[in-house]
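Visitor: Quick one: structure below, then a few questions.
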Amino acid sequence: MPEVVVAKTREGKFNKNAARRVRAAGSIPAVLYGAGHEPVAVEVDPKQISRILYSEAGHNTIFDVEVGGQGTAKAMIVDWQHEPLNDKLIHIDMKRIAMDKVLRVNVRVKLVGTPVGVKTEGGILDQVLREVEVECLPADIPSHIDVDVSGLALHSVLRVSDLPHSEKLQFLEAEDATVAHVVAIREEAAPVAEGEAAAGEAVTAAEPEVAKKGKTETEAAKKGKTETEAKK
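Going from the sequence shown to the numbering used here is simple: count from 1 and add 2.
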């Protein structure tokens with residue numbers, strides 16, 4: 003049985019204070035849109051949403067959402083935000099899904115086995131693409147794509163063309179794009195030494211990202227404060 007998310011319609015103003023009151027009451031604010039319907043502001047159970055996000059299929063999970071006793075509709079979570087200090091969910095966007103229309107989604111690539119290039123040739127397995135974009139009907143979305151890498155030797159490359167293909171699943175990535183490869187340890191270490199500072203900047207820049215999209219309330223508040231001071 004698919005998960006049924008009960009969404010309660012939110013009334014009144016939809017500002018930060020109203021969102022905080024929703025969270026203080028044990029729910030999280032959300033928006034439901036898509037399939038030709040007007041967006042609806044709702045509130046949902048964060049524990050239920052967390053179960054969906056951390057399930058095997060993750061954000062690609064299709065579930066039933068019920069709004070105000072008006073029946074159910076198929077939906078997916080397409081955007082979510084966490085509070086940066088305690089990692090609690092603070093907002094989600096849900097999209098109604100038409101089961102007879104194809105979707106574009108990102109699916110996790112799961113590498114299975116230990117490459118011979120790692121076992122006997124002293125190499126390291128480097129996974130370049132952890133997700134691939136595919137197009138398919140909602141019912142055909144895989145929770146992940148498994149690929150056996152045990153035959154990869156040193157300097158061998160696994161490409162998108164090597165992933166399991168089927169008529170139900172269309173890959174939107176370039177067929178020659180590298181998914182994973184086995185490299186020598188010294189080849190892996192050299193770029194890190196040469197570009198250490200750049201790598202550090204990249205990691206630092208990536209750390210504030212706590213959601214798929216959008217800004218947290220903390221970031222928005224800081225921005226507002228900075229703009230106010232600039233005007234003085």
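Quick reminder that beta carbons are idealized off the backbone N, C-alpha and C, glycines included. No experiment lies behind these values; they were computed from the predicted model shown.
1. Can you tell me whether Met101 is buried or exposed? The criterion is at least 16 other CB atoms within 10 Å of its CB, across all chains shown.
2. Going by DSSP, what residue range makes up the beta strand (DSSP E) through Val33?
3. Please specify which runs of the alpha helix (DSSP H), each continuous and at least 4 residues long, are wholly inside the region 59-121, giving them in chain order.
4. How close, in whole Å, do the beta carbons of Glu68 and Val6 come, if the pair is a contact with beta carbons under 8 Å?
5. Between which two residues does the alpha helix (DSSP H) carrying Ala2 extend?
6. For the beta strand (DSSP E) holding Arg161, just list the boundary residues, first then last.
7. Quickly, what does DSSP pair Lys10 with across the bridge? List them, please.
8. Compare the beta carbon distance of Ile79 and His61 with 8 Å and say whether it is the shorter of the two.
9. For the beta strand (DSSP E) containing Val149, list its first residue and its last residue.
10. In angstroms with no decimal places, state the Cα-to-Cα distance between Ser52 and Phe16.
11. Can you have a look at Ile30 and say buried or exposed, based on whether 16 or more other CB atoms are within 10 angstroms of its CB?
12. In the DSSP assignment, what are the bridge partners of Ser52?
13. Does Ile126 come out as helix, strand or coil in the three-state DSSP assignment?
14. Out of Arg132, Asn19, Ile147, Val104, which has the shortest C-alpha to C-alpha gap to Ala141?
Guide: Reading it off the structure:
1. Locating residue 101 in the sequence shown gives position 99, counting from the first residue. Label assigned to Met101: exposed.
2. Here residue 33 refers to the residue found at position 31 when the sequence shown is read from its first residue. Boundaries of the beta strand (DSSP E) around Val33: 30-36.
3. 118-121
4. Stepping through the sequence shown from its first residue, residue 68 is reached at position 66. Stepping through the sequence shown from its first residue, residue 6 is reached at position 4. Confirmed, Cβ separation roughly 6 Å.
5. No information on residue 2 is available, as it lies outside the stretch 3 to 234 that the chain covers here.
6. Reading the sequence shown from its first residue, position 159 is the one you call residue 161. Counting along the chain, the beta strand (DSSP E) containing Arg161 begins and ends at 159-161.
7. Here residue 10 is taken as the residue at index 8 of the sequence shown, counted from 1. Per DSSP, Glu45.
8. Numbered from 1 along the sequence shown, position 77 holds the residue referred to as residue 79. Numbered from 1 along the sequence shown, position 59 holds the residue referred to as residue 61. Yes, these two residues count as a Cβ contact at 8 Å.
9. As a first step, residue 149 is located in the sequence shown; it is residue number 147 there, counting from the start. Taken as a continuous stretch (DSSP letters only), the beta strand (DSSP E) holding Val149 covers 146-150.
10. As a first step, residue 52 must be located in the sequence shown, where it is residue number 50. As a first step, residue 16 must be located in the sequence shown, where it is residue number 14. Ser52 and Phe16 have their C-alpha atoms some 23 Å from each other.
11. Taking the sequence shown and counting its residues from 1, one reaches residue 30 at position 28. Counting Cβ neighbours within 10 Å, Ile30 comes out buried, since at least 16 surround it.
12. If you number the sequence shown from 1, residue 52 lands on position 50. For Ser52, which the question treats as bridged, DSSP gives no partner whatsoever.
13. Stepping through the sequence shown from its first residue, residue 126 is reached at position 124. Looking at Ile126 - three-state DSSP - the assignment turns out to be strand.
14. As a first step, residue 141 must be located in the sequence shown, where it is residue number 139. The candidate whose alpha carbon is nearest that of Ala141 is Val104.
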